[in-house]
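What follows is one structure encoded as structure tokens, with my remarks underneath.
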Amino acid sequence: MRGIVFDIDDTLYCRQDMLVKAAETVLGVKVDDWHEFITIFYEKSDINMAALESGEISTHDINGWRYNETFRLLGLPFKPDDGGLAADAYLELQSHMFLSEDMKNALDRFASDPDTKLAILTAGESKHQWNKVVMLGLDKWFDRSNVIVTGDVGISKPDVRLCRMIEEKLNLTPDELWMIGDNYDKDITGAIDSGWHSVWINRRGLPSRGKAPDIEVSTDAELTEVLLKGLPGD
Ligand SMILES: [Mg+2]
Numbered sequence: 000m001r002g003i004v005f006d007i008d009d010t011l012y013c014r015q016d017m018l019v020k021a022a023e024t025v026l027g028v029k030v031d032d033w034h035e036f037i038t039i040f041y042e043k044s045d046i047n048m049a050a051l052e053s054g055e056i057s058t059h060d061i062n063g064w065r066y067n068e069t070f071r072l073l074g075l076p077f078k079p080d081d082g083g084l085a086a087d088a089y090l091e092l093q094s095h096m097f098l099s100e101d102m103k104n105a106l107d108r109f110a111s112d113p114d115t116k117l118a119i120l121t122a123g124e125s126k127h128q129w130n131k132v133v134m135l136g137l138d139k140w141f142d143r144s145n146v147i148v149t150g151d152v153g154i155s156k157p158d159v160r161l162c163r164m165i166e167e168k169l170n171l172t173p174d175e176l177w178m179i180g181d182n183y184d185k186d187i188t189g190a191i192d193s194g195w196h197s198v199w200i201n202r203r204g205l206p207s208r209g210k211a212p213d214i215e216v217s218t219d220a221e222l223t224e225v226l227l228k229g230l231p232g233d
């Protein structure tokens, strides 16, 4: 028996394209350095995460602030309201989010395997993350009782207590578990510190700042190839 635990954003679906597209729509410019835009936006996303999880700040407000900070640091021409408008545009794009066919096939395969249990560990505001579960149709593959949203439990990634909660839910030991995620510091560190296996989706080619994951991929295509081929031990 083994368990496979997925992060949602930029893991089950690709969120980065929508973030940049929303900015381009509002500013009416083309973002030349897509990598740099995402790097700055995500650095800003690590700030105020606790306030977001506790519901003190809304996802929309924090995204507006992240956008304006990113515009400012990139030297893009913007007005104070543009961050909020980009956050609106991003929410609109998110209402059309979808899983790739390859990802659906991989999940079908895991869900029909009696020796595999599936779970989700996602960070963010409760309502916002549960909306994604619905919009992406994740109920088809994941039992809701095996979905942990950090905003619901008051613990932030990469706290190992989150991994211990999943072990208990799935009734599995650390060496039977795999974490699949895109954020080294949040997803992979927590998994490694908990004695889990891990697959890191490293789209931006960042150096790992600690122990290496079991598997590292750089694109969605590589990720689904690894999942469809089967994780070691299949
Ligand atoms: Mg993520």
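Those letters in the sequence shown? Residues 0 to 233, by numbering that gives the first Met the number 0. Cβ atoms here follow ideal geometry from the backbone N, Cα and C, with glycine treated the same way. This structure is a prediction, so every number in the text was calculated from the model and none was measured.
Is residue i a contact residue of ligand 1, with contact defined as CB to any heavy atom under 6 angstroms?
| i | result |
| --- | --- |
| asparagine 234 | Residue 234 lies beyond the range of the chain shown here (0 to 233); nothing can be said about it. |
| aspartate 8 | yes |
With 16 as the cutoff for other CB atoms within 10 Å, does residue i come out buried or exposed?
| i | result |
| --- | --- |
| glutamate 52 | buried |
| phenylalanine 70 | buried |
| serine 193 | buried |
| phenylalanine 40 | buried |
| threonine 10 | buried |
| aspartate 32 | exposed |
| methionine 48 | buried |
| lysine 126 | exposed |
| leucine 169 | buried |
| proline 212 | buried |
| isoleucine 46 | exposed |
So for residue i, helix, strand or coil by DSSP?
| i | result |
| --- | --- |
| leucine 176 | strand |
| isoleucine 147 | strand |
| valine 216 | strand |
| lysine 116 | strand |
| phenylalanine 77 | coil |
| lysine 69 | Checking the sequence shown, residue 69 turns out to be threonine, not lysine. Looking at threonine 69 - three-state DSSP - the assignment turns out to be helix. |
| serine 197 | strand |
| aspartate 158 | coil |
| aspartate 8 | strand |
| arginine 1 | strand |
Could you check which residue in the options has the C-alpha nearest to that of residue i?
| i | options | result |
| --- | --- | --- |
| tyrosine 12 | Ile191, Ala220, Leu227 and Gly229 | Ala220 |
| leucine 106 | Trp140, Gly82 and Val146 | Trp140 |
| methionine 89 | His34, Arg65, Arg163 and Pro212 | Just to set this straight, residue 89 is tyrosine in the shown sequence, not methionine. Nearest C-alpha to tyrosine 89: Arg65. |
| alanine 85 | Leu176, Asn62 and Leu135 | Asn62 |
| glycine 229 | Trp177, Asn182 and Pro212 | Trp177 |
| serine 217 | Ile200, Ser207, Val225 and Arg208 | Ile200 |
| aspartate 16 | Ile7, His34, Val4 and Asp151 | His34 |
| aspartate 81 | Asn67, Leu72, Val132 and Ser94 | Asn67 |
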